[in-house]
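What follows is a set of notes on a single structure, which appears directly below.
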Ligand code: AMP
Ligand code: MG
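Numbering (the numbering used here), first residue to last: 1 to 494.
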């Protein structure tokens, strides 16, 4: 028996969809694959044997040099709005879906190689990924998962022994990405733009069966799907906003209909809180700035709704009315999720009038005072049990008085609902992380990886796996960058 038989217990559904959904092809082999890392816990959750993945045969599979038994490799077709401009054909230009497995929770998961070589969708790209972006995606997606935020995962990373040409030659790498699916708003747009109503119908049925089975029972399944996707995206973006995450390229092809965070390119977590923050080097107009994310998600969902119009109602005007109704719910869904999450961040168990003003007041002071987003909330969690900690939190602000003036307002609100300070502090620590993948830490790990030193990568991953725990040995990972360490721009790496 072939050594890779049984490596992945594939159960493929996407490859049974009609042929206009993808291009079938195998990954392009690379020169000298070498393992960087297997995500052992995730492997086991997926029903895979991490030791087998780490064998030379396993690494050849992860590099695309060997197609495992029962894989059905393909590049998915999709379209998308990139910075608001519509591109009718994008597709997996540097990624191959090997197949799907069912995880320990009974959920279907895509096993996908990013950086696996050219496909018919590559346009002018080389189909490859550079080591830096692979390491970045590995770290940030796993950090998001540990934070409890819906996201694609990283199962493995390998280097290819080849160079990829960007502004300079860079070492090549392949990331094995795991997702509930890689179906995007842009996948729907691909069929809608072609007027392919059979494709659109088949995709809609596939997505309902796979991600939103309850919608199949609804009077209007397409409407139920639209409602459900809008709700999940609103909740997802609220989670981002509550931890200071900036996606960086919220194009419609980078929005998964499953509600997972997908496509970690020039993404970053904010250090100091400034709502207009943009890191992405390609986002010159600031379209995808931190504070714009809810509005952009709504815009993307409107593009999604447009693709569903023929399925929402036979009459165009009636369909538009349904779509508008569904989209109108986004603001409330987002606001509910965000306000609820913010209350938890501030230690409020009950919802009271005025809570949002207290939160807004704090954010304005953080913005003006250049206060670190993560450390401010983590510090408040400690101060909730121990006011002796107030001064230390206040020192995060350029003018400590800016926080000291706000604290009585917060404490008065806490006193209104009463309760135990220690319990409140614990609850606050469970939603206010101490550890996020700060840009300068990611940059440091990538620099070491380029020198073939993966010890810093391993250490950072271990710390980020427990973001809400106090880890006294890891104090340096909580710190914002020194002035000379600040990373002001991030790159897609494409
Ligand atoms: P992204 O910016 O990663 O969301 O990618 C946008 C589009 O460009 C997708 O169709 C990608 O498959 C494609 N693409 C990105 N990088 C490459 C590359 N190195 N080679 C081929 N296609 C690429
Ligand atoms: Mg993309």
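By construction, the Cβ of each residue, glycine as well, lies at the ideal position given by its N, Cα and C atoms.
Proximity test, residue 254 beta-carbon vs the ligand MG heavy atom, cut-off 7 angstroms: yes
Residue 72 Cβ short of 7 angstroms to the ligand MG heavy atom set: no
Check whether residue 177 and residue 112 have beta carbons under 8 angstroms apart: yes
Closer than 7 angstroms: residue 283 CB and nearest the ligand MG heavy atom: no
Length of the line joining the Cα atoms of residue 121 and residue 80: 13 angstroms
Terminal residues of the beta strand (DSSP E) in which residue 22 lies: 22-24
Delimiting residues of the alpha helix (DSSP H) encompassing residue 345: 316-346
Straight-line Cα distance separating residue 337 from residue 393: 26 angstroms
heavy atom of the ligand AMP below 7 angstroms from residue 122 C-beta: yes
Status (buried if at least 16 other CB within 10 Å, exposed otherwise) for residue 460: buried
Length of the line joining the Cα atoms of residue 467 and residue 428: 13 angstroms
Residue 95: CB within 7 angstroms of a non-hydrogen atom of the ligand AMP: yes
Whole beta strand (DSSP E) elements within the stretch 77-123, 3-residue minimum: 80-82, 85-87, 95-102, 108-114
Residue 425 classed as buried or exposed, judged by whether at least 16 other C-beta atoms fall within 10 angstroms: buried
Alpha helix (DSSP H) runs wholly inside the stretch 134-198, at least 4 long, in chain order: 185-194
Neighbourhood of residue 227 by C-beta distance below 6 angstroms, restricted to the same chain and skipping five residues each side: 326
Among 309, 86, 106, 284, the one whose alpha carbon lies nearest that of residue 253: 86
Own chain residues within Cβ distance below 7 angstroms of residue 363, not counting five before or after: 273
According to DSSP, residues forming a beta bridge with residue 268: 246
Contact test: residue 453 Cβ vs the ligand MG heavy atom, cutoff 7 angstroms: no
Cross-strand partners of residue 372 (DSSP beta bridge): 272
Backbone CA spacing between residue 169 and residue 212 [nearest angstrom]: 44 angstroms
Per-residue DSSP class, three states only, for residue 1: Only weak support exists for where residue 1 lies, its pLDDT of 45 falling under 50; the coordinates are left without a value.
At least three beta-carbon pairs within less than 8 angstroms, the stretch 216-224 to the stretch 186-197: no
First through last residue of the beta strand (DSSP E) which encompasses residue 262: It is not in any beta strand (DSSP E) - residue 262 carries neither H nor E in the DSSP assignment.
Stretch pair the stretch 407-416 + the stretch 98-114: three plus CB contacts closer than 8 angstroms: no
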